[in-house]
Structures are given as C-alpha cells and as structure tokens.
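Chemist: Here this note's numbering is used: position 39 in the sequence shown is 86, and no number is missing along the way.
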Amino acid sequence: MRRIVILISGRGSNMQVLLDAELPAEVAAVISNEPAAAGLEIARAHAITTAVIDHRQFPDRAAFDRVLAETVARYDPHLVVLAGFMRVLTAAFLTRFAGRIINIHPSLLPAFPGTDTHRRAIACGVRIHGCTVHFVTPELDSGPIIIQAAVPVLPADTPDTLSARVLEQEHRILPQAVRWFLEDRLRIQGERVLLSGDSRYPDSITSPLTA
Ligand code: GRF
Numbered sequence: 048m049r050r051i052v053i054l055i056s057g058r059g060s061n062m063q064v065l066l067d068a069e070l071p072a073e074v075a076a077v078i079s080n081e082p083a084a085a086g087l088e089i090a091r092a093h094a095i096t097t098a099v100i101d102h103r104q105f106p107d108r109a110a111f112d113r114v115l116a117e118t119v120a121r122y123d124p125h126l127v128v129l130a131g132f133m134r135v136l137t138a139a140f141l142t143r144f145a146g147r148i149i150n151i152h153p154s155l156l157p158a159f160p161g162t163d164t165h166r167r168a169i170a171c172g173v174r175i176h177g178c179t180v181h182f183v184t185p186e187l188d189s190g191p192i193i194i195q196a197a198v199p200v201l202p203a204d205t206p207d208t209l210s211a212r213v214l215e216q217e218h219r220i221l222p223q224a225v226r227w228f229l230e231d232r233l234r235i236q237g238e239r240v241l242l243s244g245d246s247r248y249p250d251s252i253t254s255p256l257t258a
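In structure tokens form, the structure reads like this:
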C-alpha cells in the first residue's frame, strides 16, 4: 500500500477529508509545525501517527526544513500533501520530494498567492474566486496546477462567508487530486499538468487537460 504524509498547521479540515476519503493509500503520518494544531487531535482520533516539529525551536528555516525532511522521509511517502501547512519550504526540502508534493491553496492561482486571500479577493472586487491544488515548486504558491474550483463572490460576502464557500470546494478537489495522483494519472508537462483517462468532473471548473 502506498503511503501519504500530510503536513498541517491548524484546524485540519482538509486533512480530515483525506482521512475520510477511503483513498487507495495509507496515511502514514500527520506532521504539524504547530503543537496546538487542532488537526493533530483529529488525526489521533483516526489512529494516525502524529509528529510535531515546532519551527520556533530552530534557528532558521533551513534547520527546520532539514529535520522536517528527515521526519517525512522516515515514512517513505509516495506523496506529501500540504493541507493547510503555513510554512514556506526551502528548495532543499522541495528538491528531495520533487514531483511528490502537492498543496491546497485558497485562491484561483496565479491570483492571490500568499495569505489573507479571501479578504484580498473582496477588496479588489473580483466576482469569481476559488481554490487550487498544485504541485509545489520553490516559488511560493506556484507550480503546475492539478485542479481548480471556482465560486462566486457575492455582494454581501465577508472574508468568513467567502472562506466557507471556498472551503467546501477545497474539500472536493483535494481528495480528487490525491486520488488522481495515486492512480498515476497525472503527468507534468512543462508548466502544466496533464490528466490521463476519464476527465469528467461534474459541477466544477477544472484545470487539467487530458493527455
Ligand atoms: C485552507 O483554506 C487551506 O487552503 C489554507 O489554509 C486553510 C486550512 O484549513 N492554506 P484546514 O486546516 O485544512 O481546515
């Protein structure tokens, strides 16, 4: 059985949908940089191995990433999923797991990389917002896009209401992307991801091109 390692920093709702998705893989570990992350409790309740690597205990990003990489590697993962992991990873980490790290980001990339995406989307008046699952490359919130889902921005929206609407879509597209990866259906070609086989994915605007 293939192994997945999930990295989190907080609530863990995206991690939870992966645990509940009956994926054809074992979640070997959930690792958090935040000791207080609520997601750790959820993982433990699912009898998943957890680890905490508190970034505050390290002198710099490189030192933190070295220990994180060693810990992740111990589980020999086929795939590493960043599910609300709020640390920027160094190129050394990303190179070690190149092509095997995916991230869920709460915007329609390349719009709104970084944090605070829902407030920024409302502030600049976009009518369409959403979320993206992508392969991770050294540039922040960049990398070949696997799948996106779009939602409207409504006149009365606050960052919280918009965030809730986007989160619902995150919970749909993240398990889908992981499943495609585990089925070996994703191929990176230049800056794009090609999806092989049946590409129908109803009720969502999706980005993958069929191979
Ligand atoms: C999600 O919106 C994710 O896209 C972003 O942080 C949030 C984490 O939520 N990076 P959760 O921890 O998965 O509930």
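Where is the CB? At the ideal position from N, CA and C, for every residue including glycine.
Run the CB neighbour count on residue 137, radius 10 Å, all protein chains shown included, and call it buried at 16 or more, exposed below.
Modeler: Within the sequence shown, numbered from 1, the residue matching residue 137 stands at position 90. When all chains shown are included, residue 137 counts as buried.
Chemist: Distance check for residue 167 and residue 228, CA to CA, integer angstroms please.
Modeler: Reading the sequence shown from its first residue, position 181 is the one you call residue 228. Reading the sequence shown from its first residue, position 120 is the one you call residue 167. Rounded to whole angstroms, residue 228 to residue 167 spans 31 Å at the Cα level.
Chemist: Could you give the first and the last residue of the continuous beta strand (DSSP E) run that contains residue 79?
Modeler: For the purposes of this step, residue 79 is taken as residue 32 along the sequence shown, with counting starting at 1. Per DSSP, residue 79 belongs to the beta strand (DSSP E) from 73-79.
Chemist: Please classify residue 218: does DSSP put it in a helix, a strand, or coil?
Modeler: Residue mapping note: residue 218 aligns to position 171 of the sequence shown, counting from 1. Of the three classes helix, strand and coil, the one that applies to residue 218 here is helix, per DSSP.
Chemist: With a threshold of 8 Å on Cβ separation, who are the neighbours of residue 222 within its own chain once the five nearest residues in sequence on each side are excluded?
Modeler: Against the sequence shown, residue 222 aligns to sequence position 175. So the list reads 64, 65, 68, 70, once near-sequence residues are dropped.
Chemist: In chain order, what are the residue ranges of uninterrupted alpha helix (DSSP H) at least 4 long that sit wholly in the segment 80-166?
Modeler: For the segment 80-166, whole alpha helix (DSSP H) runs of length 4 or above, ordered along the chain, are 85-92, 108-121, 138-143.
Chemist: Just to confirm, is the Cβ distance from residue 74 to residue 95 under 8 Å?
Modeler: As a working note, residue 74 is residue 27 in the sequence shown. As a working note, residue 95 is residue 48 in the sequence shown. Yes, Cβ-Cβ distance for residue 74 and residue 95 is below 8 Å.
Chemist: Does the Cβ of residue 188 have 16 or more other Cβ atoms within 10 Å, making it buried, or fewer, making it exposed?
Modeler: The sequence position of residue 188 within the sequence shown is 141, counting from 1. Residue 188 should be labelled buried.
Chemist: Assuming residue 185 and residue 233 are in contact, meaning their beta carbons sit under 8 Å apart, how far apart are those beta carbons, in whole angstroms?
Modeler: Position 138 of the sequence shown, counted from the first residue, corresponds to residue 185. Position 186 of the sequence shown, counted from the first residue, corresponds to residue 233. About 20 Å; that fails the 8 Å criterion.
Chemist: Mind checking residue 72: buried by the 16 CB within 10 Å criterion, or exposed?
Modeler: Taking the sequence shown and counting its residues from 1, one reaches residue 72 at position 25. Result: buried.
Chemist: Less than 8 Å between the C-beta atoms of residue 52 and residue 89, yes or no?
Modeler: As a first step, residue 52 is located in the sequence shown; it is residue number 5 there, counting from the start. As a first step, residue 89 is located in the sequence shown; it is residue number 42 there, counting from the start. The answer is no: Cβ separation not under 8 Å.
Chemist: Only counting the same chain, and skipping five residues up and downstream in sequence, which positions put a Cβ closer than 6 Å to that of residue 153?
Modeler: For the purposes of this step, residue 153 is taken as residue 106 along the sequence shown, with counting starting at 1. So the qualifying residues of the chain are 164, 178, 213.
Chemist: Excluding the 5 residues flanking residue 244 on each side, which residues of the same chain have their C-beta closer than 6 Å to its C-beta?
Modeler: Within the sequence shown, the letter at position 197 stands for residue 244. Cβ within range, chain order: 232.
Chemist: Confirm, please, whether the CB-CB distance from residue 193 to residue 135 is below 8 Å.
Modeler: Your numbering for residue 135 matches position 88 in the sequence shown. Your numbering for residue 193 matches position 146 in the sequence shown. No, these two residues do not count as a Cβ contact at 8 Å.
Chemist: Verify whether the separation of the beta carbon atoms of residue 132 and residue 56 is less than 8 Å.
Modeler: Stepping through the sequence shown from its first residue, residue 132 is reached at position 85. Stepping through the sequence shown from its first residue, residue 56 is reached at position 9. In this structure, residue 56 lies closer than 8 Å to residue 132 by Cβ.
Chemist: Can you give me the C-alpha to C-alpha distance between residue 143 and residue 109, rounded to a whole angstrom?
Modeler: Residue 143 sits at position 96 when you count from the first residue of the sequence shown. Residue 109 sits at position 62 when you count from the first residue of the sequence shown. Whole-angstrom Cα-Cα distance: 13 Å.
Chemist: Enumerate in chain order the residues of its own chain whose CB-to-CB distance from residue 48 is below 7 Å, with the five nearest sequence positions on each side excluded.
Modeler: Position 1 of the sequence shown, counted from the first residue, corresponds to residue 48. Within the same chain, residue 48 has close Cβ partners 72, 73.
Chemist: For residue 119 versus residue 150, is the C-beta distance shorter than 8 Å?
Modeler: Taking the first residue of the sequence shown as 1, we reach residue 119 at position 72. Taking the first residue of the sequence shown as 1, we reach residue 150 at position 103. Contact: no.
Chemist: Taking Cβ to Cβ, would you say residue 62 is nearer than 8 Å to residue 116?
Modeler: Counted from its first residue, the sequence shown places residue 62 at position 15. Counted from its first residue, the sequence shown places residue 116 at position 69. No, these two residues do not count as a Cβ contact at 8 Å.
Chemist: Relative to the C-alpha of residue 175, which candidate in 162, 190, 158, 125 has its C-alpha closest?
Modeler: In the sequence shown, the residue the question calls residue 175 occupies position 128. Minimum Cα distance to residue 175 is reached at 158.
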